[in-house]
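Worksheet: one structure, shown below.
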Amino acid sequence: MSELNLVTVYRSAGMLGAQVVKGKLEAYGIPAMLRYESAGLVFGLTVDGLGMVEVQVPEDRAEEAEALISEDYDEGTPAANEADSETSN
């Protein structure tokens with residue numbers, strides 16, 4: 074059995090933004106998984122990276138996924154605005 078290498082293509086300060094990106098990727102046929110610390114989800118914390126949610130895809134689909142995500146930056150969608158606010162902190 075071959076090992077699946079996942080790479081992170083998006084980071085969100087909470088679950089909602091990550092779910093939006095995951096849904097878009099899956100709509101385009103790119104399998105995506107969410108990676109997060111359960112404590113952030115259980116306690117609703119989004120400080121010090123505890124609520125950070127990563128969207129991960131297979132390594133061989135990462136370039137395609139990043140291109141789809143970058144379309145949101147060009148269009149000014151809420152997912153893009155969330156990512157912009159995360160990097161400006």
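So the sequence shown is numbered by the numbering used here: it starts at 74 and just counts up by one. Think of the CB as a built atom: it goes at the ideal place given N, C-alpha and C, for glycine as much as any other residue. Keep in mind the model is a prediction, meaning the values are calculated, not measured.
8 Å contact criterion, which residue i and residue j should meet: CB distance rounded
i      : j     : result
Gly124 : Ala86 : 6 Å
Residue j beta carbon less than 8 Å from that of residue i
i      : j      : result
Ala140 : Ile103 : no
Val82  : Ile142 : yes
Tyr109 : Val126 : yes
beta-carbon residue i near the ligand NAD non-hydrogen atom, thresh 7 Å
i      : result
Glu136 : Looking at this structure, you won't find the ligand NAD or any other ligand, since it has none at all.
Buried versus exposed call for residue i [16 or more other C-beta atoms within 10 Å across all chains shown]
i      : result
Arg134 : buried
Thr160 : Any answer about Thr160 is weak, because its pLDDT of 43 lies below 50 and its placement is not dependable; what the coordinates show is given next. By the neighbour-count rule (16 or more Cβ atoms within 10 Å), Thr160 is not buried but exposed.
Ala100 : exposed
Leu77  : exposed
Limits of the unbroken alpha helix (DSSP H) element including residue i
i      : result
Glu132 : Unbroken run through Glu132: none, as it is neither H nor E.
Identified DSSP bridge partners for residue i
i     : result
Ser85 : Val126
Residue span of the beta strand (DSSP E) that contains residue i, given as start and end
i      : result
Leu107 : 106-109
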